[in-house]
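One structure is given below, encoded as structure tokens.
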Amino acid sequence: MGISHIHKNNIIHRNINTENIYLKERNNFSDPVIINYELAEYFNEENDFDVKKCGTIGYIAPEVLNSK
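Take the sequence shown: its letter number 66 is residue 206 in the numbering used here, and every next letter is one higher.
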């Protein structure tokens, strides 16, 4: 749900991993919070979007690694 929300607002997080998902209450997985937006960018289809290869090793999306 969180990823859907930020994508609807034209934000790309670019570093989703286990350290960037916070639980408000211990062992309550029903309401996670996405944190650490330091690599996030706004996406606008009218702009040229240069895909930077960034993120946490082991969590980087294959399409980012395969981009030129």
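Where is the CB? At the ideal position from N, CA and C, for every residue including glycine. Please read all numbers here as calculations on a predicted model, not as lab measurements.
Under the three-state reduction of DSSP, E165 is assigned to coil, being neither helix nor strand. Just so you know, the alpha carbons of H147 and E181 end up roughly 11 Å apart. Following the DSSP letters along the chain, one finds I143 inside the alpha helix (DSSP H) bounded by residues G142 to K148.
Under the 10 Å beta carbon count, R166 is surrounded by fewer than 16 other beta carbons and is classified as exposed.
Here G195 is actually not in contact with N149; their C-beta atoms are around 20 Å apart, not less than 8 Å.
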